[in-house]
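Chains as they are written, first to last, in this note's numbering: chain C, 1 to 295; chain S, 1001 to 1257; chain U, 2001 to 2093.
We put the CB at the ideal spot given by N, CA and C, even for glycine.
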Amino acid sequence: MAKEFWRWKEYNWQDENLNWRDGKVITGGVDVGSVSSQAVVMVDGELFAFSNMRTGSDSPNSALNAMNWALENTGMTLDHFDFIVGTGYGRVNVPFADKAITEIACHARGGNYMYGPTVRTILDMGGQDCKAILCDERGKVTNFLMNDKCAAGTGRGMEVFADLLGVSIEDVGDLSLDVDEEPPPVSSTCVVFAKSEAAGLLREGWSQSRVLAAYCSAMAHRVFTLLERVGVSPDFAITGGIAKNIGVVSRIERELNLTALKPKHDTQIAGALGAALFGKALVEKGKGRKNKAVA
Amino acid sequence: MVTIGIDVGAKNAKILILKDGEILISKYRESGFDQAGVTTALLDETLAELKLTRDDITSICSTGAGRKAVTFANEVVTEVSATSRATFEMYPEVRTVIDVGAEEGRAIRCGERGKVEDFAINEKCAAGSGAFTEAMARALELTVEELGKISLDSSASVPMNAQCAVFAESEVISLLHANTAKQDIAKAIHDAIASRIVSMTRRVGLNKPIALVGGMARNVGFVHSLNAAIEDEVLIPDSPEMTAAYGAALIAAERAA
Amino acid sequence: MKANYGYMDGSGEYYITIDTDKCMECSEHFCVKACPAGLFRIIEDDYEDMVAEIIPNKRQAIKYDCAPCKPLEDRPELPCMAACTPQAIEHSW
Ligand code: SF4
Ligand code: SF4
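Here it is in structure tokens:
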């Protein structure tokens, strides 16, 4: 049951200056996540179009809807593709994809394109998981870990706190910075125990902001520990829903003593973008559709 | 000789008074945020009930996560030692004790005379303790007792995938939406926690017979799932949540002798 | 690539690391049979190498699944690590 943790808008984007009919290799990437789905279209390795929308209850449909929306009014159809790669948690449910590739590998590839070849560490913080990925200058993963077992360090954990304090999730970041001095972080990692701890702090008279500050810094520390396991090296980038929470991001930057790179595009498309890039590489290896319907 | 054991747990503070090996009284109350205040009040009230004063007491031993808050105790022991000691008193033949409380689950291997040989703990993650069933009961809008009871009516085995109390709550709600019977969900919850507790116990060795103590021993659904998982019946004392306090009082008496 | 499978929760870190650069050189795949909990399988990974991975739906409970191999006292060498000829497997706990 997907729940929405961060406010984001559904939208599509197309590069109007690019005439795709002149392109030689057209590849697509579709990332079906538990909360949102993205479709990306690349023409000869250039980003041509993408869409970002909510995942419905049925993954195959969500994948198709996302792709159709990216292609809206371009005249391009599924038949024009040389290769389509599915990724994300619903990657096996992309019926029109030629191959499924894990979100870890796609994220690294997409991050490499989005942030440039100097990016070495990508932290992806989603609604229900958290990934730390190290990659080389070609966007190949060299080390990764994922945490999707524990709600601490995910959007879900943050949502439990926002609910407890009765604030909306998109205000958490700003509110958490509205404190005179940084309080000590909430000591329990476990969201269940941290929640009772926070209830105690509120009873002691702590302000909403102070409690949020204590939780955001606990969350930042949690993520820091995850990153330490893979060993952070610059350049460093953050993607996913929590990338939009300044309260957590600024505290992670402080703890790492590194500033996160600013992306050129919406970070939510990193996975789908990487998928489309994998598609291009596979076509170049001669693995593209032999019977591409429309040249 | 009168000795007292006080166990300050995450949820409740418990007191037990022992006279020459006999239990005179035992009581508990929510430990709350002022553990020192609560335990002092609990002590004074219990003594007053028995028409005793602090001068009649030979020794007081505290235990539990909040044991340091008991400033008037003259002995302090860990809950593992206290639990093991009490288990020996009740079931001298038992070598494996499982203790599941509100925030922690433990498995202890005891040796001669209740000495602790080894122990494993599930802590700091609600998925491995009573907090898990509490959160699930809340999601189903039931009390923990009700959750335990209805679980006995199920013979289904619905798998629970989430290993986190927070994600498991969403899973429980999805199961409800998918019209899974509440008793089947209840059983899935207890099977899940029982399987985690059994795995932890394997680390110290599953030597039968096994005693089960701590507040979760009151949960009939959990006990049922645990028995099924170990293919045996655990031994449960009459007041399982008083075990550590009892052990503390026994240790106080031993040390004073 | 170092692939870390497992998780971190309030109680600690539980990761099984497979060094795929070492693993891809192996054709014996003894780990699959050695693990009593059946946690390993061989796949073609995203870079088209044949390597071992921890089966996806087993990744969230390895602390529990590995418990029988990790007694607190006299812990023997883990079957998976003992079986792995290129020494590609590590456990974080
Ligand atoms: S520590 Fe808490 S939040 Fe994390 S897995 Fe355990 S129950 Fe869930
Ligand atoms: S420790 Fe045992 S159960 Fe765990 S992966 Fe290795 S062989 Fe399998």
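- Within the same chain, Cβ atoms closer than 8 Å to the Cβ of U/F2030 are found at A2083, C2084, T2085, the five residues on either side in sequence being excluded.
- For S/F1088, the closest Cβ of chain C is not nearer than 8 Å.
- The beta carbon of U/T2020 sits closer than 7 Å to those of M2001, A2003, D2045, D2049, V2051, all from its chain and outside the five residues before and after it, given in chain order.
- CA-to-CA, the gap between S/R1202 and S/D1020 works out to about 36 Å.
- The C-beta separation of C/F83 from C/G274 comes to about 13 Å, leaving the pair out of contact by the 8 Å criterion.
- Under the Cβ criterion of 8 Å, C/L226 is counted among the residues facing chain U.
- Rounded to whole angstroms, the separation of the alpha carbons of S/C1125 and U/T2017 is 23 Å.
- In this structure, C/V40 is the residue among C/V40, C/G155, C/R109 with its C-alpha nearest to the C-alpha of C/L78.
- In chain order, L2072 make up the part of chain U whose C-beta sits under 7 Å from the C-beta of S/A1120.
- Its chain contains L123, L145, L226, L227, V230 as the residues whose beta carbon lies nearer than 6 Å to that of C/A132, once the 5 sequence neighbours on both sides are disregarded; these appear in chain order.
- Residue-level contact check: U/E2028 does not touch chain C, since none of the beta carbons of chain C fall below 8 Å from its beta carbon.
- Distances taken from the Cβ of U/I2055 to the heavy atoms of ligand 2 include none shorter than 7 Å.
- Taking a cut-off of 8 Å for Cβ pairs, the region 162-172 of chain C and the region 1093-1108 of chain S do not touch, as fewer than three such pairs fall below it.
- Chain U places no beta carbon closer than 8 Å to that of C/A218, leaving this residue out of the contacts.
- For C/C190, the nearest CB of chain S lies under 8 Å from its own CB, placing it at the interface with that chain.
- Neighbourhood of U/G2010 in chain S, by CB distance below 7 Å: K1124, C1125, in chain order.
- For secondary structure counted as the alpha helix (DSSP H) over 4 or more consecutive residues, the region 253-288 of chain C holds these complete runs in sequence order: 270-284.
- Judged by DSSP secondary structure, C/Q208 falls within the alpha helix (DSSP H) whose first and last residues are 208-230.
- In the three-state scheme derived from DSSP, where H, G and I count as helix and E and B as strand, S/V1213 is classed as strand.
- Considering only beta carbons, the part of the region 124-156 of chain C lying closer than 8 Å to chain S consists of Q128, K149, C150, A151, R156, in chain order.
- The shortest CA-to-CA distance from U/L2078 to any of U/F2040, U/Y2064, U/C2035, U/G2012 is the one to U/C2035.
- Of the candidates C/V160, C/V223, C/P184, C/L47, the residue whose Cα lies closest to the Cα of C/V192 is C/V160.
- Around the Cβ of S/A1156, a 10 Å sphere holds fewer than 16 other Cβ atoms; the residue is exposed.
- Within the region 75-111 of chain C, no alpha helix (DSSP H) run of at least 4 residues lies entirely inside it.
- A heavy atom of ligand 2 is found nearer than 7 Å to the CB of U/L2078.
- Using a CB distance cut-off of 8 Å, U/E2013 counts as an interface residue toward chain C.
- For the set C/T142, C/K140, C/M125, C/L134, the Cα lying nearest the Cα of C/G157 is the one of C/M125.
- Residues I1108, C1110, G1114, V1116 of the same chain have their beta carbon placed closer than 6 Å to that of S/S1084, with the five preceding and five following residues left out of the count.
- Minimum Cα-Cα distance from S/M1001 among the listed residues S/G1037, S/A1127, S/R1054, S/L1140 corresponds to S/R1054.
- For U/I2055, the three-state secondary structure derived from DSSP is coil.
- Taking a C-beta cut-off of 7 Å against chain C, the contacting residues of the region 1151-1185 of chain S are Q1163, C1164, A1165, V1166, F1167, S1170, I1173, S1174, listed in chain order.
- If the five residues before and after C/M53 are omitted, its C-beta is found closer than 7 Å to the C-beta atoms of E10, S36, S37, N65, A66, W69, all from its own chain and listed in chain order.
- Each residue's CA atom was taken as its position, placing S/V1008 and S/A1245 some 9 Å apart.
- Taking C-alpha positions only, S/S1129 is separated from U/A2037 by approximately 24 Å.
- When 9 Å is used as the limit between beta carbons, S/F1033 is near these residues of chain C: G200, R203, E204, in chain order.
- Cβ proximity to chain U below 8 Å picks out nothing from the region 1214-1248 of chain S.
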